[in-house]
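This report refers to the structure that appears directly beneath it.
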Amino acid sequence: RSSAAPTFGTTDKATMYLAQYGYLSPSVRNPSSGHIMDESSWRRAIAEFQSFAGLNATGELDDQTNEMMSLPRCGVRDKVGFGESRAKR
Amino acid sequence: YALQGSRWRVKNLTYKISKYPSRLNRAEVDAELAKAFSVWSDYTDLTFTQKRSGQVHIEIRFEKGEHGDGDPFDGPGGTLAHAYFPVYGGDAHFDDAEMWSINSRRGTNLFQVAAHEFGHSLGLSHSDVRSALMAPFYRGYDPAFQLDQDDVQGIQSLYGHKTQTDIGGGGGGLIPSVPRATTQQPSAEDPALCADPRIDTIFNSADGSTFVFKGDHYWRLTEDGVAAGYPRLISRAWPGLPGNIDAAFTYKNGKTYFFKGSKYWRYNGQKMDGDYPKDISEGFTGIPDNLDAALVWSGNGKIYFYKGSKFWRFDPAQRPPVKATYPKPLSNWDGIPDNIDAALQYTNGYTYFFKGGSYWRFNDRLFSVDTDNPQFPRSTAFWWLGCSSAPRGTVGGNAR
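Right, here's the structure in full:
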């Protein structure tokens, strides 16, 4: 079993982060779903986080984005409530 | 700002700290969390009362790792704390593995993180304004913390503006009103200010707060002293405004005007309201430079400027705004001395004049200094700045 455990690189960490704070569906945190995700939703999630954090919304997991994800922060999700596309009134 | 979608239906909320952090003094934690709640009660009619036991609206706990809500903490760094929106109970949990600190650059500042989490407990979501308290990222210790306008707009969209309440009594036939103390936080005493209670100016802001300026610093007044957490830098709260201000007042349009030397500034709240400074001679024709004091007089709603042994009356609706019969002798204000430091129409409708360490209350109906026991002038330090060792008399509040 240990040889089958996924290596926990920055992408996995970013995936967990994006799911924890509401940018990806929580189901991706469920190992049984095997982290299956299409490219566009991954890039969109990264871009949403970048936009929310005041970074350039490139959709690329670059160093600046990784650095922002490593800052200490509040555990409440960034995306909550209804009509997520209208998160800010 | 962003709203989660729920809020409390009542404004008098209670809280209790069910589990304290393992490394801080309990009394200090009580004080810091009370201060964190007052960040929100300063701008709304919300009140927060700490209880030691029993049912409360917001329960606060410091926990490590898994702590029963399915959202385990992750040790030092990473997630610092989380809280639940009103619809989910409003509780706030803090990661006890963090190095929580008070008034220190080391560790994680408890006050700032707590104020953020209590924003969630009241119904605010994360904001994408980076300078906002409700932004999700911890930005390190900020000794001159101020709530961002984004946060003020957010909380007031949920619970309304802070209103003033009438508590009856008072002279001059006016309906007195005094901002209601909204948290159970005692006022502070500033030793330096008590030692030398001379002030540059004193004014009310549009939302009813009363501020004292002296040098580069300012204090916000409570009903009987100065609020805890002051003095603060003027330049941080009113960007672009210098220290050592001569005079200030807030006019009926809700804008606050500051005067220094030959210049004046106009602010809308704490934001400069256009391209300033401008010349006094340009914006207030007929009014001299280097003023002593200014106020909007409750008697007729006009603006009065004081300098040396003279005063001017300025009526924006008139042309020219200052009549040829001005300046007039300040002695017309019976009992008020020359060369005053500051003047104020306080929220209770009375007009006050300050000079050195003393102040006078003016009776607008009799048009003379009020008579009362103790007599006027009285000690500014005791009655306005909460200096308990200054000369006594009946205590604070409306009795000023």
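Line by line, the protein sequences give chains A and B.
FYI, this note's numbering numbers position 11 of the first sequence as 11, with every residue one higher than the one before it.
Add 89 to a position in the second sequence, counting from 1, and you land on the number used in this note's numbering.
From the three backbone atoms N, C-alpha and C, an ideal C-beta is built for every residue, glycine too.
Status (buried if at least 16 other CB within 10 Å, exposed otherwise) for Y104 (chain B): buried
Residues of chain B with CB closer than 8 Å to the CB of L71 (chain A), please, in chain order. F226 and Y227
How would you call L213 (chain B), buried or exposed, if buried means at least 16 neighbouring beta carbons within 10 angstroms? buried
Is the CB of N62 (chain A) under 8 Å away from at least one CB in chain B? It should be noted that the sequence gives Asp, not Asn, for residue 62 (chain A). Under the 8 Å criterion on CB atoms, D62 (chain A) is classed as non-interfacial with respect to chain B.
Would you mind reading off the limits of the beta strand (DSSP E) that contains I147 (chain B)? Its beta strand (DSSP E) spans residues I147 to E152.
Closest by C-alpha distance to N114 (chain B), when choosing among B:S294, B:W189 and B:L384: B:W189
Count the other CB atoms within 10 Å of the CB of S148 (chain B); is the residue buried (16 or more) or exposed (fewer)? Checking the sequence, you will find Glu at residue 148 (chain B) rather than Ser. Buried, since its Cβ has 16 or more Cβ neighbours within 10 Å.
List, in order along the chain, the chain B residues whose C-beta lies closer than 7 Å to that of D78 (chain A)? Correct list: H215 and P225.
Once DSSP output is grouped into helix, strand and coil, what is the label at D381 (chain B)? coil
Where A172 (chain B) falls: helix, strand or coil (DSSP): strand
Span of the beta strand (DSSP E) around I323 (chain B): Careful: I323 (chain B) lies outside any beta strand (DSSP E), inside the alpha helix (DSSP H) at I323 to A326.
Measuring only the C-alpha atoms, how far is R355 (chain B) from S370 (chain B)? Straight through space, the alpha carbons of S370 (chain B) and R355 (chain B) are spaced by roughly 15 Å.
Which whole runs of the alpha helix (DSSP H) in the segment 168-251 of chain B are 4 residues long or more, in chain order? 199-211 and 238-248
Stretch-stretch touch, CB-based, cutoff 8 Å, three pairs: the segment 336-350 of chain B with the segment 283-299 of chain B: Here the segment 336-350 of chain B lies against the segment 283-299 of chain B, with 3 or more beta-carbon pairs under 8 Å apart.
Can you look up P409 (chain B) in the DSSP assignment and give me helix, strand or coil? Correct three-state label for P409 (chain B): coil.
If you follow the beta strand (DSSP E) that R309 (chain B) is in, where does it begin and where does it stop? The continuous beta strand (DSSP E) containing R309 (chain B) extends over residues H306 to L310.
Is the shortest distance between the beta-carbon of F52 (chain A) and the beta-carbons of chain B less than 8 Å? yes
Starting from G75 (chain A), find everything on chain B with Cβ-Cβ shorter than 7 Å and list it in chain order. D160, T168, A170 and H171
Starting from the beta carbon of T197 (chain B), find every residue of chain A whose beta carbon is closer than 9 Å, and list them in chain order. Per Cβ cutoff of 9 Å: P72.
For Q359 (chain B), which of helix, strand or coil comes out of DSSP? coil
Please state whether DSSP places D163 (chain B) in a helix, a strand or coil. The answer is coil: DSSP assigns D163 (chain B) none of H, G, I, E or B.
Nearest CA to the CA of D362 (chain B): which residue from B:S210, B:P328, B:A224 and B:D313? B:P328
In whole angstroms, give me the CA-to-CA distance for A170 (chain B) and D364 (chain B). The alpha-carbon atoms of A170 (chain B) and D364 (chain B) are separated by roughly 42 Å.
Would you say R219 (chain B) reaches chain A, if we count a Cβ-Cβ gap shorter than 8 Å as a contact? yes
Mapping DSSP to helix, strand and coil, what is L102 (chain B)? strand
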